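Residue numbers (our numbering): 3 to 90.
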Amino acid sequence: MPDVSLITVVSRWYHGGIMDGMAMTLRLTDEQDAALQALADAQHMSKQEAAVHAIEEQAARIAVAPDVKRWADHALERYEGLLDRLAQ
């Protein structure tokens with residue numbers, strides 16, 4: 003079994019006295035922990051904040067993905083002839 007670092011991720015609200023957030027334990031390999039530390043250092047934040055930020059960023063990307071696909075499909079259809087000519 004690989005070495006695993008345990009990081010307890012606790013919502014900011016937990017520390018503020020309001021129990022709106024959820025606490026969880028995140029099990030990371032040494033390499034993942036080092037990557038998270040590098041993210042945190044680069045952004046001048048704690049590892050907990052870096053993990054939350056990464057989750058929020060990825061969720062935003064996933065939310066936008068269907069719109070991007072729809073636009074790309076529309077552009078491919080609209081410019082199909084031009085793209086075919088450019089490909090020759």
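Cβ atoms here follow ideal geometry from the backbone N, Cα and C, with glycine treated the same way. Note that the structure is predicted; figures quoted are calculated from it, not measured.
Residue i and residue j look like a contact to me (Cβ under 8 angstroms); what is the Cβ gap, rounded to whole Å?
i   : j   : result
L41 : L30 : 12 angstroms between Cβ atoms; not a contact.
Per DSSP, what are the beta-bridge partners of residue i in this structure?
i   : result
L84 : Paired residues: none, contrary to the question.
So what does DSSP say about residue i, is it helix, strand or coil?
i   : result
Q60 : helix
Task: Stretch pair the segment 68-78 + the segment 41-57: three plus CB contacts closer than 8 angstroms - done: no
TODO: May I have a chain-ordered list of the beta strand (DSSP E) segments no shorter than 3 residues that lie completely inside the segment 18-49?
DONE: 26-31
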